[in-house]
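Colleague: When we follow this note's numbering, the leftmost residue of the sequence shown carries the number -15, and every step to the right adds one.
Cβ atoms here follow ideal geometry from the backbone N, Cα and C, with glycine treated the same way.
This structure is a prediction, so every number in the text was calculated from the model and none was measured.
Mind having a look at this structure? Questions to follow.
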Amino acid sequence: MMGSLLPIGFAAPWVLTALAALPVLWWLLRTTPPQPAHVKFPPLRLLLSLRNKEETPQHTPWWLILLRLMLAAVLIIAMAGPVWKPLDIAEPKTGPLWLIVDNGWDASADWDRQIRMAELMVDGAAQNNRTVMLVTTADGPAQPMRLSSAQEVADQLRALTPQGWQAARSELIPALQKQAEQNAPGAILWFSSPLEEPSTTSFARGLASIARASDVRESSFLIYRSDTPVYALKQLQNTAGAMTTTVLRHPAPLAETLTVRAFDRKQRAIAEQTIEMKAGQSAAEISLELPSELRNDITKLSILGKASAGSTVLVDEQWRRRKVGLFAGGFADRSQPLLSPLYYLERALAPFADLPPAKSTDITTAISDYFDKGISVLVLAEVGTLPKTTEADIASWVSKGGTLIRFAGPQLPEKQDSLIPVALRLGDRKLGGSLSWKEPQALKSFSENSPFRSISLPKDVTVNRQVLAEPTADLPERTWASLEDGTPLVTAKKHGNGTIVLFHVTPDTKWSNLPLSGGFVDMLRAITSISSTAVFNPDDEEGTTSASALPLLKMLDGYGKLTPPSANHKPILERDFATTHPGRNTPPGLYGTDDAARALNLMEDEDNLIPLDLKPLSMAKILDYPSEKPLDLRGWFFSIAILLALLDTLALLWLSGKLRRRQFTHAAILLLITSSLSLTGADKSRAQDNAEQFALDASLDTRLAYVLTGVPEVDEISRSGLFGLTRLLTDRTALEPEAPIGLDLQNHELAFFPIIYWPIDAGMQMPSPEAISRISAYMRNGGTILFDTRDAFGTGSNSPNKLKLQQLLRGLDIPSLEPVPQDHVLTKTFYILDNFPGRYKQSPMWVQASATTSDGSRPVRAGDGVSPIMISGNDFAAAWAIDTEGNYLYPTIPADGNQREMAARVGINILMYTMTGNYKADQVHIPALLERIGQ
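Structure below.
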């Protein structure tokens, strides 16, 4: 381990023992005077007039002794390898090094720091010629565990990414024990993630046992742990009125605002909801109150800015449309659809359910076919006596999660079967009958324990005839809807895992006008929403396995992104899907086919975020991941040593009389220049490193760029605005830019960016001639600059910002300009636009003028057709600007929500225009565009 003194460590601390020799050096320097000055002997007559005012001292001056002692001390410290904020290195520096890296989903929150630390440790092992064994905890015991060179392990680390499942560390203990018996570790480094695995076997205890058996001491056993919070979503539910989920986090030391966003099939954001979590609060429920049609479009929920497999929930068909089987009895003429008992049912269910056709008019054959098709809900309308085998099959299907809906009618048998939720009286009550009422009865209420409780009570429903229920003790709790006289209209009961529901009226208008009411649609939707989708065929024997297997279609990686699967993952039998736990062999993701994908999510309803328990590893040293890299100070100390050596040389020359005052002054100036160059060498090296990092950041990821004006308020608006535009592009398009970059026109390369946003401010400094030349070259070579005066052009031509823009443009090679014409590609690259508002909306958008033909028409633009310059005064950045929570920072003028939306569309169109050129000018796109605008 590096020796350390406060925040400074030393690569070779034993070298510092040479500091003890400084007193001896002081004594030698003190007793050894400088070399006497030599004076040539002149003629005797001149000797008498010689007056030598400079004398050579007998002893070395104290200040020269101090200078040389400082020089010696600085050299000793430099050779000891000083490092600012050094890393802890496992000691001893010999023997095999075990590198254990957690790469489960919870490692994604701190992955960059984790891998950076591992790479630094491997670099140290390479310097000491140590062999390294890399073990990744999410890849299981089948991974190759062998000692390799440090360079090979470094290559493996660069290829690592966090996986989408929880690391099962305990599975590695037998393989690690076997490796320790063959070749005991000299040191162990564990780069841990924050969560414990849900296992009864403790990985920490097993690792502690291996460390004791291998005699690994505290200095040789280091554990780095993360304090970055981890977030997750669980308990997704799609109720009658909203989609809800529970947000988890660990640790939870501070209050914060989290946003859950819903995405559709095209990964477009369609809804979001924020939640305030207090300090110490680790769980909270969030609700997306949307119409069911919108909720049916949701394919994914995720926590904004906290991307991981745990904070992502995939939504499949079980949260959306159900398959509903319809079967009607009776003797109605099917050639007259209005007389069919299924007519109103089909139209009520079609908006939110799939209705596969019946295979046969024979009930036994039709029901069996429906079960094979995997229906969730079975509706029996005016069905009389059921065959015993069919009744038993339906009862078994319901007990396994199915929902049966029955309607009363003339065919309802007097001898009741087991698929009626309540006991019924013989006969029915009707207007004018023996069991009659004087007036039709209206619907009075929905029960609080029913799925109808959130439905607005329809006032127009009246009932002329109904089947009465026997007044039993359990009738109130089985009643979901009641009439004004207290008699039930809808009753239900649980049967196993399923539900049996009875409407006490017919599904058509013979007995009531309920099928004509919008409340009928809402009631059927509510019943369907509580139905299960994973219902087994009752013909399958218990214990048998289904031959239908669901292959892995796409898997979630550690960052919550869907990626192609590898060959190592197994399909899941459809029968076992509901009980399958996500893991290494069955990772979270989508299974099945593109048309019928099933979602396996990481977090199950009973799961929680359990913190990692390191108590059994008392012999290990537990450290936090450092927030910054260590800084090697050897270059600085050697530079200081060179400076002190030069000063010592000048002092010797001056004491020996070989350097006079004027010469000494010149030499001192030269020395200062030399020392300045040597001391700024590190700064130049760092500047070169910064330039390389800028080039990497700008080229490896797509980023938006803005010009740094030197006015802090303007630059912050630009940064926030492009940050907001980045969010918009990520949410609405396939483009996912990284954080925006501020450009120094004097030093930064411009060619990395297709468009640069340049806000104009009267107080900004004008670019140098060299920068103007680079800007002109950028625009000539295909780049685009969006100049924004941010004042809607002020008043006429006297706006200070406009005058500044005119001054700036005088030095640039600017083409002829015109307001964006109606047929310009910019008006239709992504959205169809007729104006270009920002925070303001008064200013037109100016672009390069297009040539016209002799007849005045505007030809299709050749080449990419991208204007190298755009000018506006509508303050786009302020319209796009958001904070880290997604809140807009500046109001539009006038305050208009539609103007904000149009400003967002303008930004997306501008980016798409500069990145794709004029391809939308192609005639092939005209039909689609005309269809979108309704012409």
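Quick test of your reading: Phe687 and Ile892, contact by CB under 8 angstroms. State the CB separation rounded to the nearest angstrom.
Modeller: Looking at the sequence provided, one finds Arg at residue 687 rather than Phe. Separation of the CB atoms of Arg687 and Ile892 is rounded to 16 angstroms, and the pair is thereby denied contact status at 8 angstroms.
Colleague: Measuring CA to CA, which of Leu639, Tyr328, Ile594 and Pro799 is closest to Thr184?
Modeller: Ile594
Colleague: Applying the criterion that 16 or more other CB atoms from any shown protein chain within 10 Å of the CB defines a buried residue, is Ala171 buried or exposed?
Modeller: Buried is the call here.
Colleague: For Leu83, tell me which candidate among Val106, Lys599, Thr283 and Phe430 has the shortest Cα-Cα distance.
Modeller: Val106
Colleague: For Ser550, I'd like the list of residues in its chain whose CB is within less than 7 angstroms of its CB, leaving aside the five on either flank, ordered along the chain.
Modeller: none
Colleague: My understanding is that Ser198 touches Ser177, with C-beta atoms under 8 angstroms, so please give their C-beta distance in whole angstroms.
Modeller: About 24 angstroms separates the two Cβ atoms, so there is no contact after all.
Colleague: Taking Gly482 as part of the alpha helix (DSSP H), name the residues at either end of that continuous run.
Modeller: Unbroken run through Gly482 is the beta strand (DSSP E), Gly482 to Phe487; no alpha helix (DSSP H).
Colleague: If you drop the 5 nearest sequence neighbours on each side, which residues of the same chain put their C-beta closer than 6 angstroms to that of Met899?
Modeller: Pro738
Colleague: Give me, in chain order, the residues of the same chain whose beta-carbon lies closer than 8 angstroms to that of Lys284; leave out the 5 immediate sequence neighbours on both sides.
Modeller: Ala246, Phe247, Gln251, Thr296, Val297, Leu298 and Val299
Colleague: Please state if the CB of Glu202 and the CB of Met603 are separated by a distance shorter than 7 angstroms.
Modeller: yes
Colleague: Rounded to a whole number of angstroms, what is the C-alpha to C-alpha distance between Phe311 and Gln219?
Modeller: 34 angstroms
Colleague: Does the count of Cβ pairs from the stretch 432 to 445 and the stretch 463 to 474 closer than 8 angstroms reach three?
Modeller: yes
Colleague: Who does Val451 pair with in a DSSP beta bridge?
Modeller: Per DSSP, none; premise fails for Val451.
Colleague: Would you say Phe391 and Thr483 are within 7 angstroms of each other, going by their C-beta atoms?
Modeller: no
Colleague: What is the residue span of the beta strand (DSSP E) that Val67 lies within?
Modeller: Pro66 to Trp68
Colleague: From Pro828 to Leu242, what distance separates their C-alpha atoms?
Modeller: 38 angstroms
Colleague: Applying the criterion that 16 or more other CB atoms from any shown protein chain within 10 Å of the CB defines a buried residue, is Gln166 buried or exposed?
Modeller: exposed
Colleague: Assuming contact is defined by CB atoms lying nearer than 7 angstroms, are Thr230 and Gln221 in contact in what I supplied?
Modeller: no
Colleague: Going by other Cβ atoms of all chains shown within 10 Å of its Cβ, with 16 needed for buried, is Phe315 buried or exposed?
Modeller: Reliability of the predicted coordinates at Phe315 is poor, the pLDDT of 48 falling under 50, and the value obtained from them is presented with this limitation in mind. By the 10 Å Cβ count, Phe315 comes out exposed.
Colleague: In chain order, what residues of the same chain lie with their CB nearer than 6 angstroms to the CB of Pro566, ignoring the 5 residues before and after it?
Modeller: Trp149, Pro572, Leu584 and Leu586
Colleague: Residues in its own chain within less than 6 angstroms of Leu274 by CB, not counting five upstream and five downstream?
Modeller: Ala255
Colleague: Going straight from the alpha carbon of Asp86 to that of Glu700, what length do you get?
Modeller: 38 angstroms
Colleague: Pro237: which of Thr258, Tyr215 and Lys262 sits nearest, CA to CA?
Modeller: Lys262
Colleague: Report yes if the CB atom of Ala151 is closer than 7 angstroms to the CB atom of Thr121, and no otherwise.
Modeller: yes
Colleague: Pull up the CB-CB distance for Gly292 and Ser92, whole angstroms please, since I reckon it's below 8 angstroms.
Modeller: Looking at the sequence itself, residue 292 is Ser, so the reference to Gly does not match. Yes, they are in contact, since the Cβ atoms of Ser292 and Ser92 sit about 5 angstroms apart, within 8 angstroms.
Colleague: Leaving out five residues on either side along the sequence, give the residues of the same chain with a beta carbon under 7 angstroms from the beta carbon of Ala4.
Modeller: none
Colleague: Do you know offhand how far Pro803's Cα is from Glu722's?
Modeller: 31 angstroms
Colleague: Would Ala746 and Lys788 be called neighbours here (beta carbons separated by less than 7 angstroms)?
Modeller: yes
Colleague: Have a look at Asp281, Leu278 and Glu269 and flag the residue whose alpha-carbon is nearest the alpha-carbon of Ile287.
Modeller: Glu269
Colleague: From the DSSP secondary-structure annotation, give me the bridge partner or partners of Gln832.
Modeller: Leu801
Colleague: Count the other CB atoms within 10 Å of the CB of Leu500; is the residue buried (16 or more) or exposed (fewer)?
Modeller: Classification for Leu500: exposed.
Colleague: Rounded to whole angstroms, what is the Cα-Cα separation between Pro80 and Phe205?
Modeller: 12 angstroms
Colleague: With a threshold of 6 angstroms (Cβ to nearest heavy atom), would Asp86 be considered close to the ligand SAM?
Modeller: The model on display carries no ligand, and the ligand SAM is accordingly not part of it.
Colleague: What does the Cβ neighbour count give for Pro325, buried or exposed, with the cut at 16 atoms within 10 Å?
Modeller: It counts as buried.
Colleague: Out of Ile259, Pro548, Asp281 and Thr374, which has the shortest C-alpha to C-alpha gap to Gln302?
Modeller: Asp281
Colleague: Between Val844 and Trp742, what straight-line distance do the alpha-carbon atoms span, to the nearest angstrom?
Modeller: Because the pLDDT at Val844 is just 43, under 50, the model does not fix this residue reliably, and the value given afterwards should be weighed accordingly. Answer to the nearest angstrom: the Cα atoms are 29 angstroms apart.
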